[in-house]
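Some notes on the structure that comes next.
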Amino acid sequence: MTRRLPATDVVVVGLGWTGSIMALEMARAGLRVVAIERGPWRDTSTDFPTTTAPDELRYAIRQDLFLRPAQETLTFRNNLGQTALPIRRWGSFLPGNGVGGAGVHWNGQTWRWHPWDFTHRSATIARYGQAALPADNMMQDWGITYDELEASYDRFEYLCGIAGRAGNLGGELQPGGNPFEGPRARPFPTPPMNMPLAATMFETAAAGLGWKPFPSPSANMSTAYTNFYGCRLGPCTYCGFCERFGCGNFSKASPQTCVLPALVRQRAFEARTDSQVTKVNLSTDGKRATGVTYVDTAGEAWEQPADIVLLCAYQLFNVRLLLLSSIGKPYDPVTGQGTVGRNYAYQVTGGATGFFGRERRFNPFAAAGSAGIAVDDFNADHFDHTQVGFVGGASLSCIPTSGRPIGNRPVPPGTPRWGAAWKQATRDNYNSTTSVGIQGSVMGYRGCYLDLDPTYRDALGQPLLRMTFDFQENERKMGRYCIDRTEHAMRAMGANQVRRNEHTGPYSITPYQSTHNTGGAIMGDNPTTSVANKYCQSWDVPNVFLAGACLFPMNAGLNPTGTVGALAFWAADAIRERYLKAPGALVPT
Amino acid sequence: MNAPRCNRRHLLASTALLVLVDTPSHSRVIRGALPWSPNEAYPPERVLPGVWRFFNADEAAAIGDMAQRLIPADGASPGGGDAGCALFLDRQLVGPFGDSTWLYMQGPFAVGTPQQGLQSPITPAVRYRTGLAAIATHCRANFAGRTFPALTGAEQDALLSDMEAGTSGIADFEDKPFFEMLLANVMEGYFADPVYGGNRDMAGWKLVGFPGVRYDYRDVLARPNEAYAGLPVGLTGRPAWDRS
Numbered sequence: 003m004t005r006r007l008p009a010t011d012v013v014v015v016g017l018g019w020t021g022s023i024m025a026l027e028m029a030r031a032g033l034r035v036v037a038i039e040r041g042p043w044r045d046t047s048t049d050f051p052t053t054t055a056p057d058e059l060r061y062a063i064r065q066d067l068f069l070r071p072a073q074e075t076l077t078f079r080n081n082l083g084q085t086a087l088p089i090r091r092w093g094s095f096l097p098g099n100g101v102g103g104a105g106v107h108w109n110g111q112t113w114r115w116h117p118w119d120f121t122h123r124s125a126t127i128a129r130y131g132q133a134a135l136p137a138d139n140m141m142q143d144w145g146i147t148y149d150e151l152e153a154s155y156d157r158f159e160y161l162c163g164i165a166g167r168a169g170n171l172g173g174e175l176q177p178g179g180n181p182f183e184g185p186r187a188r189p190f191p192t193p194p195m196n197m198p199l200a201a202t203m204f205e206t207a208a209a210g211l212g213w214k215p216f217p218s219p220s221a222n223m224s225t226a227y228t229n230f231y232g233c234r235l236g237p238c239t240y241c242g243f244c245e246r247f248g249c250g251n252f253s254k255a256s257p258q259t260c261v262l263p264a265l266v267r268q269r270a271f272e273a274r275t276d277s278q279v280t281k282v283n284l285s286t287d288g289k290r291a292t293g294v295t296y297v298d299t300a301g302e303a304w305e306q307p308a309d310i311v312l313l314c315a316y317q318l319f320n321v322r323l324l325l326l327s328s329i330g331k332p333y334d335p336v337t338g339q340g341t342v343g344r345n346y347a348y349q350v351t352g353g354a355t356g357f358f359g360r361e362r363r364f365n366p367f368a369a370a371g372s373a374g375i376a377v378d379d380f381n382a383d384h385f386d387h388t389q390v391g392f393v394g395g396a397s398l399s400c401i402p403t404s405g406r407p408i409g410n411r412p413v414p415p416g417t418p419r420w421g422a423a424w425k426q427a428t429r430d431n432y433n434s435t436t437s438v439g440i441q442g443s444v445m446g447y448r449g450c451y452l453d454l455d456p457t458y459r460d461a462l463g464q465p466l467l468r469m470t471f472d473f474q475e476n477e478r479k480m481g482r483y484c485i486d487r488t489e490h491a492m493r494a495m496g497a498n499q500v501r502r503n504e505h506t507g508p509y510s511i512t513p514y515q516s517t518h519n520t521g522g523a524i525m526g527d528n529p530t531t532s533v534a535n536k537y538c539q540s541w542d543v544p545n546v547f548l549a550g551a552c553l554f555p556m557n558a559g560l561n562p563t564g565t566v567g568a569l570a571f572w573a574a575d576a577i578r579e580r581y582l583k584a585p586g587a588l589v590p591t
Numbered sequence: 380m381n382a383p384r385c386n387r388r389h390l391l392a393s394t395a396l397l398v399l400v401d402t403p404s405h406s407r408v409i410r411g412a413l414p415w416s417p418n419e420a421y422p423p424e425r426v427l428p429g430v431w432r433f434f435n436a437d438e439a440a441a442i443g444d445m446a447q448r449l450i451p452a453d454g455a456s457p458g459g460g461d462a463g464c465a466l467f468l469d470r471q472l473v474g475p476f477g478d479s480t481w482l483y484m485q486g487p488f489a490v491g492t493p494q495q496g497l498q499s500p501i502t503p504a505v506r507y508r509t510g511l512a513a514i515a516t517h518c519r520a521n522f523a524g525r526t527f528p529a530l531t532g533a534e535q536d537a538l539l540s541d542m543e544a545g546t547s548g549i550a551d552f553e554d555k556p557f558f559e560m561l562l563a564n565v566m567e568g569y570f571a572d573p574v575y576g577g578n579r580d581m582a583g584w585k586l587v588g589f590p591g592v593r594y595d596y597r598d599v600l601a602r603p604n605e606a607y608a609g610l611p612v613g614l615t616g617r618p619a620w621d622r623s
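Chains A and B supply the protein sequences, listed in that same order.
Quick note on my numbering: the first sequence kicks off at 3 and runs consecutively.
Quick note on my numbering: the second sequence kicks off at 380 and runs consecutively.
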């Protein structure tokens, strides 16, 4: 039996980056806000202080902070001809759980996406013609431009205190920054990070190859910083425990360090944790959300009525919630009709590992999740694609994020996996090996999508999400092209031996690649091909707003969190300044 | 790894419920201030040698020998058996890792593609228990009654190599999955924080020059390409400071 609770103005589903930002913006606008979070409450001093945080086995290997598949997972297949099976143990990606979400255990690489990304379809046709689009693509523009989002990017960067060097200030290129970035109104809030040796070697090599290297923008702090909510971060100590770990040092921007201290002081805010939202409830005509239903730790169901529903769960689980709630028309890959689940995308990863010999000491343990050098020359449409046979591109970077030894023990190709020769090679190469990686774009394709699984269910008996995905020829060509360039860079850095890292064969959910899943509830300018309008508002149920990477019609060659954060501020502004004045569809259909 | 925490969490949840709010659901409710209570950081339980909790003595001896072959002793560097990999694995197997508590273990179980990853209903605890028994039976039958620890080093290496290749011919035994799990777990034991019972005297960290959990390497970054001079430190300090 579901019992009904007193109504609130806004209910937020998921208290990670987007949920905490939007909850605070709504509370500051005078609205009563209830946030409901599937996982536990988490904070720095109680859950990941420096005395217990640096524990590779517990966090990186046993995956203590992530969503446990026993609670909720998804099923996976490469194509429509296969039967999807459950992801029983995380591998390729690591969804977050609990307050702070993946914002607790990210590396902190915080990018603005390129102007081209938002108009990738029309810009490709304009420059190269319709024939340049890959087979079976579902490329479509976002319905929003970089220029419209600039102020929101600025807010997220100043929320986090991002460390970096501007490349384009108001249209004027700046020395040492990324010359390909969209124009920014003002510099980064804090100066770039200090660089590990491998990154400075990559910088020199890249410049020698004629590329334009620059410091990768970082949510690890180069200096102390106080944000506009009054939350203060301390300087990073390069401990080497970023990705998969909470920061014990208050040195990594996260909901805990940047938002929650201000949010909990809002009298109109309340968080309920350990509570799984199972459904968005709709009015009988299906055109209005009346609130959400959630299940608490005792297994009891509760209805939380609300005037506005903000879906702020992780990309995959926002899409699942739409499907479970019958909001919007599920996408059908056979007919190409429907919107929910459409344009699921991922990223192309790989690169080159260089072995430099015993005299070189990289000290890989002295590292931060975002302290490194990047190159954007081969990303987006920053180079002429006429002869390359693909659209999109990748960023190249040397960001040595850790030397944690369970996961980081590189040995040259041909070394046995155990025994005396393995041991000697491990001793010889641990400190003298480094990598340059790529992070490449993935377009939307007709057969890459999300829907509900017909067989497998979660602990509460609801259908799991089903993912159908494989890399297409366009992305494989792009990956080869950019991985070639990481090999060039590694040779220019002076490696004695270079190993090429490239995923061949079908996409596999086993090896870790990237927790940058995108799409499935995409934004756009047409309700027949998108779930949400440019204000992240559901076309079908206008008092439901969406947040996160589920909104992205494609995946770019950069980390998504900057764009995720910018869209959260953008949508919050739209609610406050437009929707509250005239509740209803913000874009006419 | 942290089963007691759930109980404390639930206690906290119900306490918060009574004191702070009128919402009747069994959710933890946070309102007005960041929640904090002392000793909430739930450190891992420190593993100290003693009675085996998962293995029997024969199983523990076999695992210790396997770890010693996978990571042999050389010069001043101890092997995997010396470094406590069997103790590490014994304690891991009585925790959530052993029975796959955190994994999705609902059926139906089907044979998938390699890209679909783990699909077996067999937990690590079951795989070790049954696998070690199958290896013991195989050794007694093929090596004149000797079990794995009584084999020569060359015989042990050959058997491990056959398991790695999937050609061991051991009856009632999936040799490749067993070997992959064993190799991964031995490496974990050798390189994980010593608080978990392996990496004794920080043998793994000293092998590669990992300084452990110092949490501040600004000075290292300021001196590129220089050797790090300090000794490693773990969550419980280091052997020279040992308080036990």
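We treat Cβ as the ideally placed atom computed from N, Cα and C, and that holds for glycine.
These figures come from a predicted structure and were not determined experimentally.
Residue i versus residue j - alpha carbon distance
| i | j | result |
| --- | --- | --- |
| residue 449(A) | residue 245(A) | 31 Å |
| residue 168(A) | residue 492(B) | 46 Å |
| residue 83(A) | residue 470(A) | 10 Å |
| residue 386(A) | residue 502(A) | 25 Å |
| residue 551(A) | residue 538(A) | 11 Å |
| residue 316(A) | residue 457(B) | 45 Å |
| residue 500(B) | residue 479(B) | 9 Å |
| residue 507(B) | residue 538(B) | 16 Å |
| residue 520(A) | residue 125(A) | 21 Å |
| residue 392(B) | residue 274(A) | Confidence is the limiting factor: at residue 392(B) the pLDDT is only 42, short of 50, which leaves the residue's position unreliable, though a coordinate-based value still follows. Rounded to whole angstroms, residue 392(B) to residue 274(A) spans 10 Å at the Cα level. |
| residue 569(B) | residue 336(A) | 51 Å |
First and last residue of the uninterrupted alpha helix (DSSP H) at residue i
| i | result |
| --- | --- |
| residue 559(B) | 554-570 |
| residue 508(B) | 503-521 |
| residue 406(B) | Per DSSP, residue 406(B) belongs to no alpha helix (DSSP H) and is neither H nor E. |
| residue 475(B) | Looking at the DSSP string, residue 475(B) is not in any alpha helix (DSSP H), and its letter there is neither H nor E. |
Element boundaries [beta strand (DSSP E), containing residue i]
| i | result |
| --- | --- |
| residue 36(A) | 35-38 |
| residue 440(A) | 435-442 |
| residue 151(A) | Taken as a continuous stretch (DSSP letters only), residue 151(A) belongs to no beta strand (DSSP E), being part of the alpha helix (DSSP H) at 148-162. |
| residue 397(A) | 396-400 |
| residue 139(A) | That residue, residue 139(A), is in no beta strand (DSSP E); it is neither H nor E in DSSP. |
Close-in-space but distant-in-sequence residues of the same chain around residue i (CB under 7 Å, 5 per side omitted)
| i | result |
| --- | --- |
| residue 581(A) | 588 |
| residue 158(A) | 564, 567, 568, 571 |
| residue 511(A) | 78, 89, 93, 94 |
| residue 314(A) | 14, 15, 16, 18, 20, 21, 24, 549, 550 |
Cβ neighbour criterion (16 or more within 10 Å) applied to residue i
| i | result |
| --- | --- |
| residue 289(A) | exposed |
| residue 3(A) | exposed |
| residue 52(A) | buried |
| residue 490(B) | exposed |
| residue 390(B) | Reliability of the predicted coordinates at residue 390(B) is poor, the pLDDT of 40 falling under 50, and no value is obtained from them. |
| residue 406(B) | buried |
| residue 584(A) | exposed |
Same chain, Cβ closer than 6 Å to residue i, neighbours up to 5 away in sequence not counted
| i | result |
| --- | --- |
| residue 508(A) | 80, 472 |
| residue 179(A) | 167, 168, 169, 216 |
| residue 207(A) | 491, 494, 495 |
Same chain only: Cβ atoms within 8 Å of residue i, ignoring 5 sequence neighbours per side
| i | result |
| --- | --- |
| residue 285(A) | 291, 292 |
| residue 467(A) | 76, 77, 318, 319, 321, 322, 325, 452, 453, 454, 455 |
| residue 223(A) | 163, 165, 192, 235, 236, 237, 238, 253, 254, 255 |
| residue 138(A) | 447, 448, 449, 474 |
| residue 197(A) | 205, 217, 373, 374, 375 |
CB contact below 8 Å: residue i versus chain E
| i | result |
| --- | --- |
| residue 547(B) | The question asks about chain E, but that chain is absent: this structure's protein chains are A and B. |
Beta carbon of residue i nearer than 8 Å to that of residue j
| i | j | result |
| --- | --- | --- |
| residue 497(A) | residue 211(A) | no |
| residue 257(A) | residue 22(A) | yes |
| residue 591(B) | residue 612(B) | yes |
| residue 251(A) | residue 260(A) | no |
| residue 189(A) | residue 113(A) | no |
| residue 68(A) | residue 42(A) | no |
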